[in-house]
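Written out below as structure tokens is the structure these notes cover.
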Amino acid sequence: MYKKILAAVNEFTNSEIAARYAIALARSCQAKLSLLFVAEDRIDKDALRHAEAAIERLFIEAGNQGVEAECIIEKGDPLKKISEVVQKNKIDIVFNATRREDVERRFFVKTLARDLIIKLPCSVAMARVVRMARAYPKNILVPLRGHMTHVEERACFVAKLAQAIGSKITLFYTSGRITSFFHGEVHIKPAQREKHMPKDMEKFTECLDKYEVHHEKRTGYGTISRAITIEAAHRRNDLIVMGASERSLIKSIISGNPVEDVLRETPCNLIILRPAHDHQ
901 MYKKILAAVN EFTNSEIAAR YAIALARSCQ AKLSLLFVAE DRIDKDALRH AEAAIERLFI
961 EAGNQGVEAE CIIEKGDPLK KISEVVQKNK IDIVFNATRR EDVERRFFVK TLARDLIIKL
1021 PCSVAMARVV RMARAYPKNI LVPLRGHMTH VEERACFVAK LAQAIGSKIT LFYTSGRITS
1081 FFHGEVHIKP AQREKHMPKD MEKFTECLDK YEVHHEKRTG YGTISRAITI EAAHRRNDLI
1141 VMGASERSLI KSIISGNPVE DVLRETPCNL IILRPAHDHQ
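Under the working numbering, the residue at position 277 of the sequence shown is numbered 1177, and the numbers go up by one with no gaps.
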């Protein structure tokens, strides 16, 4: 599915960690990797030096892992330049890392991360790095919900990443709260929750089975974002991979956005995947 992968690199260490996920995926998919640094007009010399050093380290690392890689350095507006490279090189997926303002601003307003997720014509994997030393995860948590789109690509992304690193996968489904007027919140047994798992989760599991990667299922209940962060902390997961929210902005304002909540509260590294491919 992924033949050409791009990693957007800047002067910050978290972008280098995100690019290592791109290297792992490229190795697993036998894809070509493009390492792109866009120097903004007012970038200072130290930032430029750090970014160029990061590009060089990543290029060497990719080569050592047998990944065909190229380095691209551009100058100008990051969104415009990344879009141009994506279209010119027919990139299948772009990796980028969040910055501090992405976490602080509600709905990612006026951030590069939001623009990349919304405007790029390819798939986008946005990484938030909270553990610099855990670039290669051993336990990946994949929260799933009903009415998923691009199920095959989501499963492919997780499976190929896990294959490259030798990770275990935990599929996590949260059914939400069930309440009773007289008795308050009702606690449902795990066996009962499993009966209500959506068919999309079964399809996701079937897609994973094609790649022969080890995975297990777990269920939870309660507020979605809270259940995910607690599960990740309790089970000591190294990485969470979840889909970008498809809720409208208005609905997000009223009822909240689980993806943004997890982005702020995640106890481990997080990748938010916005898939764009319908078939493998």
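All residues carry an ideal CB built from backbone N, CA and C; glycine is no exception. The structure presented is a predicted model; accordingly, all values stated were derived computationally and were not measured.
{"query": "Residue span of the beta strand (DSSP E) that contains residue 971, given as start and end", "result": "969–975"}
{"query": "Cβ distance (whole Å) where residue 919 is taken to contact residue 958 below 8 Å", "result": "5 Å"}
{"query": "Cβ shell of residue 1124 (< 6 Å), same chain only, five flanking positions each side left out", "result": "1074 and 1158"}
{"query": "First through last residue of the alpha helix (DSSP H) which encompasses residue 1206", "result": "The first residue shown for the chain is 901 and the last is 1180, placing residue 1206 beyond what the model contains."}
{"query": "Residue 1135 burial status per 10 Å Cβ neighbour count (16 or more: buried)", "result": "exposed"}
{"query": "Residues sharing a beta bridge with residue 1101, DSSP", "result": "None; residue 1101 has no bridge partner."}
{"query": "Beta-carbon contacts of residue 1126 that lie in its chain and below 6 Å, excluding the five residues immediately before and after", "result": "none"}
{"query": "Any 3 or more C-beta pairs closer than 8 Å across the stretch 1056–1063 and the stretch 938–954", "result": "no"}
{"query": "Bounding residues of the alpha helix (DSSP H) (the contiguous stretch that carries residue 912)", "result": "No alpha helix (DSSP H) holds residue 912; DSSP gives it neither H nor E."}
{"query": "Sequence-distant residues of the same chain with beta carbon closer than 6 Å to residue 978, five excluded per side", "result": "938 and 1012"}
{"query": "Under the three-state DSSP convention, the category residue 1030 falls into", "result": "coil"}
{"query": "Between the CA atoms of residue 1045 and residue 935 - distance to the nearest angstrom", "result": "33 Å"}
{"query": "Rounded separation between residue 1140 and residue 973 - CA only", "result": "30 Å"}
{"query": "7 Å CB neighbourhood of residue 990 in its chain, flanking five on each side removed", "result": "904"}
{"query": "Cutoff 6 Å; reference residue 1152; Cβ partners in own chain excluding five residues on either side", "result": "In this prediction, residue 1152 has a pLDDT of 46, which is less than 50 and means its spatial position is unreliable; nothing more can be read from the coordinates."}
{"query": "Anticipated Cβ contact below 8 Å, residue 998 with residue 1026, distance rounded", "result": "6 Å"}
{"query": "Beta-carbon separation (whole angstroms), residue 902 vs residue 931, contact threshold 8 Å", "result": "5 Å"}
{"query": "Proximity to residue 1189 [Cα-Cα], best of 1029, 1030, 993 and 1037", "result": "Here the chain comprises residues numbered 901 to 1180, so residue 1189 is not present and cannot be evaluated."}
{"query": "Where residue 1030 falls, given that 16 or more other Cβ within 10 Å makes a residue buried", "result": "exposed"}
{"query": "Limits of the unbroken beta strand (DSSP E) element including residue 933", "result": "932–939"}
{"query": "DSSP state of residue 943 mapped onto helix, strand, coil", "result": "coil"}
{"query": "Residue 1120 - DSSP class collapsed to helix/strand/coil", "result": "strand"}
{"query": "One or two residues paired with residue 963 in a DSSP bridge", "result": "BP columns for residue 963 are empty, so no partner."}
{"query": "Residue 1162, enclosing alpha helix (DSSP H) - first and last residue", "result": "1158–1165"}
{"query": "Within 8 Å, strictly: CB atoms of residue 1048 and residue 1109", "result": "no"}
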